[in-house]
Every structure is written in structure tokens, then in C-alpha cells.
Amino acid sequence: MTTLFLIFIIISAVAVLLFMVLKLKISAFISLLITAIYVGIVAGMPLQDITKSIQDGMAGTLGFVATVVGLGAIFGQMLESSGGAESLAHSLIKKFGTDKASWAMVITGFIVAIPVFFDVGFIILVPIIYALSRDSKRSLLYYGIPLLAGLAVTHSFIPPTPGPVAVADIINAQLGWVILLGAIIGFPTAIIAGPIFGKYIAKKIYILPPKEFENSSEKKYDENNLPSFLLIAVIIAVPLFLILINTFTGLAIDKQIISQSGITDVLEFLGHPFSALIIATLLATYFLCFKRGMSKQKILDLSTKALGPAGIIILITGAGGVLKQVLVDSGIGTIMAESMANSAMPPIILAWLLAAVVRVTQGSSTVAMITAAGIIAPIISEFELNDPQRALVVLAISSGATLLSHVNDSGFWLVGKYFGMNEKQTLQSWTVMESIIAVCGLIFTMLASLFF
5 MTTLFLIFII ISAVAVLLFM VLKLKISAFI SLLITAIYVG IVAGMPLQDI TKSIQDGMAG
65 TLGFVATVVG LGAIFGQMLE SSGGAESLAH SLIKKFGTDK ASWAMVITGF IVAIPVFFDV
125 GFIILVPIIY ALSRDSKRSL LYYGIPLLAG LAVTHSFIPP TPGPVAVADI INAQLGWVIL
185 LGAIIGFPTA IIAGPIFGKY IAKKIYILPP KEFENSSEKK YDENNLPSFL LIAVIIAVPL
245 FLILINTFTG LAIDKQIISQ SGITDVLEFL GHPFSALIIA TLLATYFLCF KRGMSKQKIL
305 DLSTKALGPA GIIILITGAG GVLKQVLVDS GIGTIMAESM ANSAMPPIIL AWLLAAVVRV
365 TQGSSTVAMI TAAGIIAPII SEFELNDPQR ALVVLAISSG ATLLSHVNDS GFWLVGKYFG
425 MNEKQTLQSW TVMESIIAVC GLIFTMLASL FF
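Right, dumping it as C-alpha cells:
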């Protein structure tokens, strides 16, 4: 298989995927499966081997991703339904004051998006943005862009949000390293794209809160009895802390700083993403829902509701795992790795470019992440990257998948609608903000790669 033919397979596979998603409007799940079959056929795989790769790729991916994304979705639903996100925002605004509320909003977005989906977190918190804008007479973007930046960065960079969880699993990266490096790279990225850019663009575009949305948010909780800031912060921190402890314990054992023992076994068990998220979900269910008077049936209904959107992401991720498996089993992955080894392009740049191309073309950041991960995974396995380096590839893919959100992205219309902006204003604010995240994410990831 020549390098030229290999390039043809990859380019044509992406083209087939985009044609089905954009022109034929076929769901990303089915489109990814058909693309994987196409790659197998063009690469000359026997038909029976293709179906075996589909089964193996789906099974190998979903065992981890389905559990983590499912638990994370229920965890986020409990936080949302209890008013926890609003409690965080009010507490931080009170601490920072109205003059520095943009910093409070970027921190709020950064924390809230860890357990809560981006669009849900935005809709919950947008009434606070309206109130701040109305009281201060500033443009809605002064507070809105920092909130959006915090939400968008964490949604892309920090597990247990579905995107980085899926990419980490497909390329076999440790979640602990993704969390740690995602926070280190993500926070300065959020500051640049949020308060700094928000202050600039608010002077260029003056937007008042749209009257049709100001009082339309239906509250499902008592605003006068919100959970405390400390309780919310602790519950969100618990799974992140446990996963990081697991990562550092494993690293200390590998470096022979400490020896394997019963204590290290317990720490690694508690810090496994499964255990950590089960503990966090139980804590959220008890302290945020049950202890605050929510009925058992209501809690059950919320848990069931949370799994709806999670199921879509889980299936798309599984299809991405299938594409990866076909690339591995067909031998394309090995040839790609050998070609990459002789080129000057680092894996981080290639990963970012793949995600960026798919993102700009078809709109969905999740599909962009999973497609790029599926293509890059066989290459990564041949490069013998260590755990931090694999985590940086995850972040490069996540960064590329945020580039140039425009009219083919549902987030573009969601933000434009709730902020009362026309298409030009949304492109000048939201699209530029997303692109700042993409470029800063790449730059900081490349800088971090110098130390690992």
C-alpha cells in the first residue's frame, strides 16, 4: 500500500463521512459506521474481517465510555436540578463584586461544565448574565463571553465531559493526566478567550438582554434555598481528586517511589473513573436531592432523563472506536505511523488539523473529536508516547474541534438566539471566541509538550 494510496483512503473516508452527514443528513452514528466499512473495503479487508472489526471496535470502546459518560450525565443532572450551578454563580459574583463579575462568570463556567453539558449550563446561567447586564448597563457580551469561554473550555478539555473522555479512551490516554493538563492549559485559555476578549468585544458590540428571554427560564428549584457554594465545590472536586490520586499513585509505583501495597490498591480502586464517578453521583444524589426533600421517584426520573442525551454521545463514540479498529486491522494504521515517523509534522499538529477540518466542515465538535481520534489512534500506538504525551494529543484534538463555530453548529444559533444577536454579531463574538480557544489550546499544548 503506497503512501499516495494511503492519503487517498484517509481523504476519501473523511469526504464520505462529511457527504453523508451534510448532504444526506444521515446520523453521525450510522455515517461513522459506513465510513469504517468503506475504509475496510478500499483497504482490501475480507468482508468477514470488517464485521469482526466493527464488533471488536464497538465493544472495546463502549465498555469504558458508556459507564463514564452515563455516570457523568446523572451526576450533572443532579447538580442542575438542585440549583447548584446557580448557587456557584451567585457565590462567586458576591465574592468578586459586580465590577469583576466577568471573572466570576469565567470561573463559574469553568467549574459548572465539568459535570453539566455545555448547552444545559448555558441555559441555566444565562438569566444571571441578563441581570448583570441590566444592572450595570454594560453589553451582554461583557459577562456572556467569559461564561461561554469557561463552559466551552471545560466542555472540551476536562473529563468527565463526554468529548475528552471519548478521545482519551480511543487513543488510550489516562484520564488523570487529561484532567491535570486540561486544567493547566484550559484555565489560561479561558481567561484569554473570556474576560480579556469579552472586554474588547463588548466595546464593539453593545447588546441588551432580549426581553423575550429575560423572564422565560422556568426554575425547578427554590431560588431562596440553594445548596451552598462549599457543598457544590466539594462534590464536583471529589471525582477529580480521586482520579488524580489514582494517576499519581500509579506514577509513584512505576517510578519505584513507593511500592505496591494494600493501601495503593485501595487508592487506585477508588480513583478509577468508575469508582470516582459512582461516589460523586451518590454524594450528589444524597446531599443535593434526597437530603433537600426531593422524592425518590423524582430522583429516579431525573436519572432516566439524563441518560437520553448521553446515549447519543455513547453510540457516536462507539462508532469512532469502530473506525479506529478498522484502521488498525487493515494495516493502514501501521503504514500511517511509518509515514508520520519520516515526516516533520508532530502528532499534536496532525491531531489538531484533523479535528479542525472535520469541525469547520460539519459543525459538531463531538463528531470532529471522535473522527480525529479514530484516525490518529493507530498512529499514536506506533509512536510509543508516554501518558502525559497521549493526554496532550487528546487536548490537541479537543482544541482543533472548537475552531470556527459557524452556521453549521447548533451552538452558534443557541448563543445568537439567547443573546439576541444577528449572524454577523454572532460571528464577531462567539465564532472568534471559539477560534481563540482553538488556537490558544494548540499553542499551550505545544508549549507543554516541551516538558514531557
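All you need for my numbering is the position in the sequence shown, starting with 1, plus 4.
No residue lacks a Cβ here, since even glycine has one placed at the ideal position from N, Cα and C.
Quick caveat, the model's predicted, so the values are computed rather than measured.
Expected contact under 8 Å - CB spacing of residue i and residue j to nearest Å
i, j, result
"T370", "I320", "6 Å"
"V330", "G48", "Not quite, the Cβ-Cβ distance comes to about 12 Å (not below 8 Å), so this is no contact."
"A206", "C444", "19 Å between Cβ atoms; not a contact."
"M425", "I111", "Not confirmed; about 24 Å, so no contact."
"G275", "I239", "Not really, about 17 Å apart at Cβ, beyond 8 Å."
"L358", "G404", "7 Å"
"Y42", "V20", "5 Å"
"Q366", "L28", "The Cβ separation is near 12 Å, so there is no contact."
For residue j and residue i, the rounded distance between their alpha carbons
i, j, result
"S220", "R394", "With a pLDDT of 48 at S220, under the threshold of 50, the modelled position of this residue cannot be trusted; read the value that follows with caution. Each residue's Cα considered, the two are about 44 Å apart."
"S140", "V116", "24 Å"
"K302", "L271", "33 Å"
"I441", "V332", "31 Å"
"L92", "A108", "9 Å"
"D305", "A288", "15 Å"
"M24", "G154", "32 Å"
"A241", "G113", "15 Å"
"A70", "P166", "10 Å"
"G148", "I127", "12 Å"
"V14", "L235", "Checking the sequence, you will find Ile at residue 14 rather than Val. Those two C-alpha atoms are separated by around 48 Å."
"T39", "A314", "23 Å"
"E90", "D53", "51 Å"
"F79", "L292", "10 Å"
"R296", "V124", "22 Å"
"L255", "G324", "29 Å"
The alpha helix (DSSP H) enclosing residue i, as first and last residue numbers
i, result
"D103", "Per DSSP, D103 belongs to no alpha helix (DSSP H) and is neither H nor E."
"D60", "51-86"
"T308", "300-333"
"C444", "436-453"
"S160", "144-161"
"V171", "166-174"
"M425", "That residue, M425, is in no alpha helix (DSSP H); it is neither H nor E in DSSP."
"M373", "369-387"
"A194", "179-195"
"D123", "122-140"
"L28", "Where L28 is concerned, there is no enclosing alpha helix (DSSP H), given that its DSSP letter is neither H nor E."
"F273", "266-274"
"A280", "277-288"
"D258", "233-258"
"Q366", "351-366"
"L212", "Run containing L212: none; DSSP gives neither H nor E here."
"D391", "391-404"
With 16 other Cβ atoms within 10 Å as the buried cut-off, status of residue i
i, result
"V413", "What sits at residue 413 in the sequence shown is Asp, not Val. Per the 10 Å Cβ criterion, buried."
"L396", "buried"
"D391", "buried"
"Y204", "exposed"
"I229", "It should be noted that the sequence gives Asn, not Ile, for residue 229. When all chains shown are included, N229 counts as exposed."
"L8", "exposed"
"E427", "exposed"
"S232", "exposed"
"I11", "exposed"
"L446", "buried"
Nearest candidate by alpha-carbon position, reference residue i, set the options
i, options, result
"A310", "A77, D391, T65", "A77"
"V398", "V182, L10, W107", "V182"
"T338", "D173, I384, L327, A135", "I384"
"P213", "A376, I283, P277, L136", "L136"
"V157", "N176, L230, V120, W417", "V120"
"M349", "I380, F455, M373", "I380"
"P168", "L151, G190, P351", "G190"
"H376", "D173, L129, Q81", "In the sequence on display, residue 376 carries Ala and not His. If we check each option's Cα against that of A376, D173 comes out closest."
"I353", "W417, G420, T449", "T449"
"A280", "P243, L129, G254", "P243"
"I175", "Y422, L431, L286, I374", "I374"
"A194", "L418, P150, Q429, A177", "P150"
"P199", "A105, P277, L36", "A105"
"S31", "V364, S368, L129", "S368"
"I97", "L129, G378, L389, L179", "L129"
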